[in-house]
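In the UniProt record's numbering, the protein residues as written are 1 to 663.
1. Where DSSP assigns a beta bridge to residue 66, which residues make up the other side?
2. Give the list of continuous beta strand (DSSP E) stretches no shorter than 3 residues that lie fully inside the segment 300 to 369.
3. Any idea if residue 110 is buried or exposed, counting beta-carbon neighbours within 10 angstroms, 16 or more meaning buried?
4. Could you check how far apart the C-beta atoms of residue 299 and residue 360 are, in whole angstroms? I think they sit under 8 angstroms.
5. Which residues does DSSP list as the beta-bridge partners of residue 371?
6. Look at the Cβ atom of residue 572, then the Cβ atom of residue 509, and state whether they are nearer than 8 angstroms.
7. Report the partner residues of residue 93 according to the DSSP bridge assignment.
8. Under a three-way DSSP split, which group does residue 151 fall into?
9. What is the C-beta distance between residue 367 and residue 283, in whole angstroms, given that I count them as a contact (C-beta under 8 angstroms)?
10. Which residues mark the beginning and the end of the alpha helix (DSSP H) in which residue 593 is found?
11. Report the rounded CA-to-CA distance for residue 371 versus residue 273, giving the unit in angstroms.
12. With DSSP as the reference, identify every bridge partner of residue 608, one or two as the case may be.
13. If you drop the 5 nearest sequence neighbours on each side, which residues of the same chain put their C-beta closer than 6 angstroms to that of residue 582?
14. Would you say the beta carbon of residue 291 is closer than 7 angstroms to some non-hydrogen atom of the ligand GDP?
15. For residue 516, name the three-state secondary structure that DSSP assigns.
16. Are residue 417 and residue 48 touching if we call contact CB-CB under 8 angstroms?
17. Please report the straight-line C-alpha distance between residue 54 and residue 23, rounded to a whole angstrom.
18. Any idea what DSSP makes of residue 261, helix, strand or coil?
19. Could you check where the beta strand (DSSP E) with residue 507 kicks off and where it finishes?
20. With a CB to CB cut of under 7 angstroms and the five nearest residues on each side skipped, what residues in its chain are close to residue 513?
21. Pull up the distance between the alpha-carbon of residue 408 and that of residue 239, whole angstroms please.
22. How many angstroms separate the CA atom of residue 313 from the CA atom of residue 256?
23. How many Å lie between residue 546 and residue 574 at the Cα?
24. By how many angstroms is the C-alpha of residue 104 removed from the C-alpha of residue 98?
25. Our contact map puts residue 557 next to residue 534 with C-beta atoms below 8 angstroms; I'd like the distance itself, whole angstroms only.
26. Quick check on residue 570: does DSSP put it in helix, strand or coil?
27. Could you spell out the range, first to last residue, of the beta strand (DSSP E) harbouring residue 268?
28. Would you check if the distance between the CB atom of residue 587 and the CB atom of residue 616 is smaller than 8 angstroms?
29. Determine the extent of the alpha helix (DSSP H) in which residue 34 is found, giving its start and end residues.
30. Compute the distance between the beta-carbons of residue 245 and residue 345, then report whether it is under 8 angstroms.
31. Please check the pair residue 385 and residue 363, which I expect to be a contact at CB under 8 angstroms, by giving their CB distance rounded to whole angstroms.
32. Could you tell me if residue 315 is buried or exposed, where buried requires 16 or more neighbouring beta carbons within 10 angstroms of its beta carbon?
33. Looking at the unbroken beta strand (DSSP E) that takes in residue 382, where does it start and where does it end?
34. Would you call the segment 373 to 384 and the segment 488 to 499 in contact, with 3 or more CB pairs under 8 angstroms?
35. For residue 352, which of 522, 609, 253 has the nearest alpha-carbon?
36. Taking residue 20 and residue 38 to be in contact with their CB atoms under 8 angstroms, please state how far apart those CB atoms are, rounded to whole angstroms.
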């Protein structure tokens, strides 16, 4: 039986055991008998021939009879047979041939195909050639081979286009509104506006269509002109698994997995697929997780219990999207067979086999969390795995202080256990630190103190600690909004409150899409269908931090409805317009008090970069300092949005006082 690559990570194996115990202790109630958990130990679980410390510690706890608050009994399988309920699957036997204890050949063939049984490592094929060859003979070819796998990746963590694709000219996303007495101005123009309160806008009909091509042409490959025989020669000479992976990546793209290499082993012809399986097995043994994930994706492998994991999420009313937003997301709304799920995921990511396998892996971890810690998923209606991956990469870039490409490499090279640990920190909102554990790998640890250095393995002075704490505080709210937006997390009772707002206006315009008042006649406030309608509109916003400001603006409108500030909220409300007006009010106050925003956006004439972006890098033409402001307080975002609502909507009295306190 083929083992999943996650089984090579002993730390994840131990963590899964603990998760199983936690799940059973929570749910095995008022049931007869006791569950039996079978642990199968293989050589793959050893670390350089030694039993890992985590496994030894766990076995000691099991032997003590008490682990994670649960009483257990440890023993051999034979010790429990007398008290076990045994079911005989006789229908799987080969009764027609008189061999009831042997699997039916058709069943055996199906199981082998279903499990994608791997062949033995082709160690003899990839041995180095004789030492008589010149080391410099293929130097130029080897240099051209490097990076073939990295070219297939689609993770992009650019601060402005978070959630977009790589290698694509993306027009800046614009707000679908025009302020009174102002013309429609192209946001990509580098000419600053004459006055601060004037917002750049664009007519809805001129919004460009983003056309993203995901597939790399073979003619554009770095070594497309290299002969196949020369590639195989390079493959034999290479001692680096990463370089072998790059060569095989090109061979798969140009020739296919079943291309005959012309080599034989034990009288059987060797295909590119066989070579790839050999690299996969070696990468698993050496724990080169980035290469493991990519080769597993190329071979069409799957993670353990993928279909069950997706079903566990769906039955708890969590929709799932895979693929990089906003153009390549595929939504999963119903349970699917294992093969259909894998095909859907690989279709969503195109050539990016690394991220496709990572998506399968994260779905399993999300299912583990929702079974044991369902409170983490409160007020989360849709799990956008592609956006979560990009936020995980951006968190690594922030913590390790590196660029996006390097952060993507670090992310894909995390061990399965550390990947699960990082995902848990992202979902739970916990601060974390990263320490190096050698061979380019990192360990994710919880930050229990805000003064712990994010680079905990580096000694820092008191002044540098203070500076780092201040830097962390400066980006705290921007980071929190970005995480909540990526996780689609909304406040409690958000959707019923939006329903009450729709009762008092003709509709809500968000990103050019309108939620009409008629929805309140078609659906109830607590109906899942209504929540999905709101969520679908919000998901058209690619920048998670901007999405979160839209959610805050909607919450201010719900307060106006809840406290009966006005009998009606008027015509169709353009929610993005409220956010931009609030941003301008914030910038006006920054000019008056000489705040931090005067260094970028709070100027008489707003300056932009050559590409039309804000100097501070704020998404959707909102100052980054506004994103990084706390919601509450006299200079909080909710205060400015409230002022924007009072200034913009005609339903409020122009004179007198309104009791409106933001706390």
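Every residue gets a Cβ at the ideal spot worked out from N, C-alpha and C, and that includes glycine.
Checking against the coordinates, here is how it stands:
1. 71
2. 319 to 322, 330 to 332
3. Answer is exposed; the Cβ neighbour count stays below 16.
4. With a Cβ gap of about 13 angstroms, residue 299 and residue 360 do not count as contacting.
5. In DSSP, residue 371 forms no bridge with anything.
6. Annotated as proximal: residue 572 and residue 509, with beta-carbon spacing under 8 angstroms.
7. 103
8. helix
9. 26 angstroms between Cβ atoms; not a contact.
10. 575 to 593
11. 37 angstroms
12. DSSP output for residue 608 lists 614 as bridge partner(s).
13. Cβ neighbours of residue 582 beyond the five flanking positions: 640, 641, 644.
14. Looking at this structure, you won't find the ligand GDP or any other ligand, since it has none at all.
15. Strand, per DSSP.
16. No. Outside cutoff.
17. 20 angstroms
18. In the three-state reduction of the DSSP assignment, residue 261 falls in the strand class, which pools E and B.
19. 505 to 510
20. 537, 540.
21. 24 angstroms
22. 35 angstroms
23. Going from the Cα of residue 546 to the Cα of residue 574 covers about 15 angstroms.
24. 11 angstroms
25. Wrong, their Cβ atoms sit about 13 angstroms apart, outside the cutoff.
26. strand
27. Start and end: 268 to 271.
28. no
29. Residue 34 -> no alpha helix (DSSP H), and no H or E assigned at all.
30. Using a Cβ distance threshold of 8 angstroms, residue 245 and residue 345 do not count as a contacting pair.
31. 7 angstroms
32. exposed
33. 382 to 384
34. yes
35. 253
36. At roughly 11 angstroms, the Cβ-Cβ gap does not stay under 8 angstroms, so residue 20 and residue 38 are not in contact.
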